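Mapping the sequence shown onto our numbering, position 54 (from 1) lands on 171, and the numbers just tick up by one.
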Amino acid sequence: MKTINLLFLFVLYSICLISCQESDSGQTIGIIPQPTSLQTAQGHFTLTSKTPLNIVKGADDLGPACKFFSELVARSLGSPLLTEQGETKTGAINIYIDTTLAKEAYTLHVTGKAIDIKAGSSSAVFYAFQSLRQMMPVSIEKGEKQPAIEIPDVTIQDQPRFAYRGLMLDVCRHLFSLDEIKTYIDMLAMHKMNRFHWHLTDDQGWRIEIKKYPELTKIGSMRKETVIGRNSGKYDGQAYGGFYTQEDIKEIVQYAADRYITVIPEIELPGHASAALASYPELGCTGGPYKVVGEWGVFDDVFCAGNDKTFEFFQNVFDEIIPLFPSEYIHVGGDECPKTAWKKCPKCQKRIKKEGLKNEHELQSYFIHRIENYLNSKGKKIIGWDEILEGGISQTATIMSWRGTKGGIEAAQKGNQVIMTPNTYAYLDYYQSLDTKNEPFAIGGYVPVEKVYSLEPTEGLTPEEGNMIIGVQGNLWTEYIPNFSQVQYMVLPRMAAIAEIGWTPAKLKNYENFVGRTIALMERYDALGYNYAKHIMSVSGKTSFDEEKSCIRLTLAPNYQQAAIHYTVDGSIPTLQSPVYKEPLDITSDCDIRAQLFRNGKAIGKEFNQSFKISQAVKKKARLQNKISEVYAAQGSRTLTDGIRGTVDFRDGNWVGTCNDDMILVVDFEQPTTYSKVNVGCLNKVGDWICLPVAIRVYASENENDYTQVAEIKDIANREEFKEEGIHNITLNIENGKSRFVKVVVERQKFLPEDHPGAGNAAYVFLDEIEID
Ligand code: ACM
Ligand code: ZN
Numbered sequence: 118m119k120t121i122n123l124l125f126l127f128v129l130y131s132i133c134l135i136s137c138q139e140s141d142s143g144q145t146i147g148i149i150p151q152p153t154s155l156q157t158a159q160g161h162f163t164l165t166s167k168t169p170l171n172i173v174k175g176a177d178d179l180g181p182a183c184k185f186f187s188e189l190v191a192r193s194l195g196s197p198l199l200t201e202q203g204e205t206k207t208g209a210i211n212i213y214i215d216t217t218l219a220k221e222a223y224t225l226h227v228t229g230k231a232i233d234i235k236a237g238s239s240s241a242v243f244y245a246f247q248s249l250r251q252m253m254p255v256s257i258e259k260g261e262k263q264p265a266i267e268i269p270d271v272t273i274q275d276q277p278r279f280a281y282r283g284l285m286l287d288v289c290r291h292l293f294s295l296d297e298i299k300t301y302i303d304m305l306a307m308h309k310m311n312r313f314h315w316h317l318t319d320d321q322g323w324r325i326e327i328k329k330y331p332e333l334t335k336i337g338s339m340r341k342e343t344v345i346g347r348n349s350g351k352y353d354g355q356a357y358g359g360f361y362t363q364e365d366i367k368e369i370v371q372y373a374a375d376r377y378i379t380v381i382p383e384i385e386l387p388g389h390a391s392a393a394l395a396s397y398p399e400l401g402c403t404g405g406p407y408k409v410v411g412e413w414g415v416f417d418d419v420f421c422a423g424n425d426k427t428f429e430f431f432q433n434v435f436d437e438i439i440p441l442f443p444s445e446y447i448h449v450g451g452d453e454c455p456k457t458a459w460k461k462c463p464k465c466q467k468r469i470k471k472e473g474l475k476n477e478h479e480l481q482s483y484f485i486h487r488i489e490n491y492l493n494s495k496g497k498k499i500i501g502w503d504e505i506l507e508g509g510i511s512q513t514a515t516i517m518s519w520r521g522t523k524g525g526i527e528a529a530q531k532g533n534q535v536i537m538t539p540n541t542y543a544y545l546d547y548y549q550s551l552d553t554k555n556e557p558f559a560i561g562g563y564v565p566v567e568k569v570y571s572l573e574p575t576e577g578l579t580p581e582e583g584n585m586i587i588g589v590q591g592n593l594w595t596e597y598i599p600n601f602s603q604v605q606y607m608v609l610p611r612m613a614a615i616a617e618i619g620w621t622p623a624k625l626k627n628y629e630n631f632v633g634r635t636i637a638l639m640e641r642y643d644a645l646g647y648n649y650a651k652h653i654m655s656v657s658g659k660t661s662f663d664e665e666k667s668c669i670r671l672t673l674a675p676n677y678q679q680a681a682i683h684y685t686v687d688g689s690i691p692t693l694q695s696p697v698y699k700e701p702l703d704i705t706s707d708c709d710i711r712a713q714l715f716r717n718g719k720a721i722g723k724e725f726n727q728s729f730k731i732s733q734a735v736k737k738k739a740r741l742q743n744k745i746s747e748v749y750a751a752q753g754s755r756t757l758t759d760g761i762r763g764t765v766d767f768r769d770g771n772w773v774g775t776c777n778d779d780m781i782l783v784v785d786f787e788q789p790t791t792y793s794k795v796n797v798g799c800l801n802k803v804g805d806w807i808c809l810p811v812a813i814r815v816y817a818s819e820n821e822n823d824y825t826q827v828a829e830i831k832d833i834a835n836r837e838e839f840k841e842e843g844i845h846n847i848t849l850n851i852e853n854g855k856s857r858f859v860k861v862v863v864e865r866q867k868f869l870p871e872d873h874p875g876a877g878n879a880a881y882v883f884l885d886e887i888e889i890d
């Protein structure tokens, strides 16, 4: 017994070591992003309102860092910390700017005597403060009064892997208040990110005041109404809009600068231009009329590339943009510019001839180059989406690779700087769970935290090419994100993963370890009132069939090891008193399993919930005789006899589909068995090419050769009770049913109906379960 206990303790200790570091003062140190090196020691420093911020060697822009930290602790300690200058001393936070260090590098040394910060610049001091913050109790975030704050002894040496660590926010599709934008910047600061990419102009709204062009905000900032759902053709009838004045912009730029964050404005060109064209129709190829669009997508009306007025417009716009944004870079968009209008426009065609361009793609390149030259002449460099690669780019342009990493790889190999924002890893508007019915409606896609975390920005590049990757960014497009609470839900905690990719050396990245630290950070999100997604703390369930016991077996797994799973089988809410999950569960009768992670006595994260209906078929050998689509095969025959029903999402893993064959399932009861009904779960989703079967027939046999038909239902699709879209249970009653073999033949509708957009193509049939009782 003793050995077992010792082993258990050792395992627990090991888990703790890899996940977060326990200091000897009992506090756990788990910092995001993971520092380059961190060593704990015994003891702690006691911070009080009397502890001075002692500047041993300062820098001009150190003020905001000190102000931030002082204000952070002042609410709890009752008064701000005093700033003074002098030699390193005990009882103080000693700050020393050492310009021989890398600009964003710092060392943080906490002992019982003092806190010593040595940093390459003021921003690095700010990062040291963010690390200190994550070592202090969460209660300080709420300003809970306390006479002193204990900070565990530690030595940290830290510096970011990449210079550019960003997050984008689209304020065109939906608008956010100045306070909300400031909170977004606070979130960036907490994660040691240093770029806020502000997407300010698009088809659905122009959001920045340009004094020379007042119509941009008078007309271009308002759309008449907004489409409901995914371009449904139905509208909400509500005018929507707003913009930021130049004073607002200055306020945000300063707020960000005080957190050592650079704001990069994006002014979209030559596409995504509807709002600007609605304001100044002469800038389009046809002269309009144009409107600020209320739908989502890519639109043919773009800035005319043949009209010199367009370039004059942008020069004037940038003349007002440049003084507002100290950033070295200006983002000029460049993505998704259809060439339809240019092909028909005499001015654009004339430009193509005059400039000796091959086609409209070279015209796009001409457009970008001309704008870039202007910006370069004003001392600015451009960033553009990866489409700007088409037709060639200048050496000083930086590429944002969004259509995967391909464009970024190509640009890096050409010697251009690259920021990796691949949609497959870094699009934070994509779903973060496959359980989409329990998620806020989103654009699509699937990028869970683990997927984000797995991005390696330099993959596919030699070390030298890899040097061209200057960083990473998460993008938040807001078509389907109408409020700030949902903004937070979409980015938190996925931005923590982006932050760690951007900061932490690749060799120190470890997902399991990251999850542990993220869960600790979530307590801080809670204290700050941030809304965040909890999938990272979920229980996942996997079913298999145990051949020996002839039953379904459910294996539960926490995606976070330092928590216990408690579960119930009767549909009641799991509590600390519910059984602790120790081993896979044999499912032998109908049940409703609910499972929940618990940590420190509290339920955390998302609950797992799965109902099972165990028909006689579940316990027996079942075989599908026909071919099924590989894409929708799920677990083959077992899917139809696993006791689990599907949802209306036919990709949820619980459906079997085919468009080649009828569906034929044979169940072998191994001995004559009685039954009175067969129920077939079918999906009716004609819009997705999924039709109900034409007929279902049930046959009985003792030897698997001579079958007798025992039940039949025909003309299913024309029956009133099955007309609605969704899941239908088609039940066949059988009188005196008794046999060893039961064969269920589900006859597929061969073709999509005449009035269907895909008429003439094969129809799919989708089944989730065949129950025999
Ligand atoms: C983009 O997502 N169109 C850059
Ligand atoms: Zn034109």
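Beta carbons: idealized from backbone N, C-alpha and C, even for Gly. Since this is a predicted model, take the numbers as computed values, not measurements.
Does the distance between the C-beta of residue i and the nearest non-hydrogen atom of the ligand ZN fall short of 8 Å?
i           : result
residue 424 : yes
residue 471 : no
residue 393 : no
residue 464 : yes
residue 402 : yes
residue 913 : The structure shown has nothing for residue 913, since the chain only spans 118 to 890.
residue 182 : no
residue 458 : yes
Give me the Cβ distance between residue i and residue j, rounded to the nearest whole Å; I'm assuming they're in contact under 8 Å.
i           : j           : result
residue 178 : residue 248 : No, residue 178 and residue 248 are not in contact; Cβ-Cβ is about 19 Å, not under 8 Å.
residue 756 : residue 773 : 5 Å
residue 522 : residue 536 : Contact doesn't hold; Cβ gap of about 11 Å is too wide.
residue 627 : residue 657 : Actually they do not touch by this definition, with Cβ atoms about 19 Å apart.
residue 866 : residue 810 : 7 Å
residue 644 : residue 259 : 5 Å
residue 332 : residue 397 : 6 Å
Regarding residue i and the ligand ACM, is the C-beta to nearest heavy atom distance less than 8 Å?
i           : result
residue 452 : yes
residue 540 : yes
residue 502 : yes
residue 413 : no
residue 592 : yes
residue 519 : yes
What did DSSP end up calling residue i once you bin it into helix, strand or coil?
i           : result
residue 251 : helix
residue 803 : helix
residue 371 : helix
residue 607 : helix
residue 784 : strand
residue 874 : coil
residue 513 : coil
residue 446 : strand
residue 142 : Because the pLDDT at residue 142 is just 44, under 50, the model does not fix this residue reliably, and the point stays unresolved.
residue 236 : strand
residue 459 : helix
residue 276 : coil
residue 201 : strand
residue 680 : coil
residue 286 : strand
residue 869 : coil
residue 425 : helix
residue 178 : helix
residue 755 : helix
residue 212 : strand
Are the C-beta atoms of residue i and some chain C residue less than 9 Å apart?
i           : result
residue 592 : No chain C appears in this structure, which consists of one protein chain only.
Legend entry - Contact between the stretch 446-463 and the stretch 365-383 (3+ Cβ pairs under 8 Å): Yes, they touch.
Inset, instruction - Could you say if the stretch 423-432 and the stretch 458-465 meet the contact criterion of at least three C-beta pairs nearer than 8 Å? - result: At 8 Å Cβ cutoff, the stretches touch.
Inset, instruction - Mind the definition here: the stretch 813-822 touches the stretch 871-886 only if three or more C-beta pairs lie below 8 Å; say whether that holds. - result: With a cut-off of 8 Å, the stretch 871-886 and the stretch 813-822 do not count as touching, because too few Cβ pairs lie within range.
Legend entry - Inter-stretch contact (C-beta, 8 Å, three-pair minimum) for the stretch 712-725 and the stretch 685-694: Put simply, the stretch 712-725 touches the stretch 685-694. At least three CB pairs are less than 8 Å apart.
Inset, instruction - Assess, as a yes-or-no matter, whether the stretch 674-688 is touched by the stretch 705-720 under the definition of 3 or more beta carbon pairs within less than 8 Å. - result: They touch, by the three-pair rule.
Inset, instruction - Would you check if the stretch 182-193 and the stretch 214-225 touch, i.e. whether three or more CB-CB distances between them fall below 8 Å? - result: Result no; under three Cβ-Cβ pairs closer than 8 Å.
Inset, instruction - Flag this pair as touching only if the stretch 339-353 and the stretch 265-275 have three or more C-beta atom pairs under 8 Å; answer yes or no. - result: Contact between the stretch 339-353 and the stretch 265-275 is not established, with fewer than three Cβ pairs separated by less than 8 Å.
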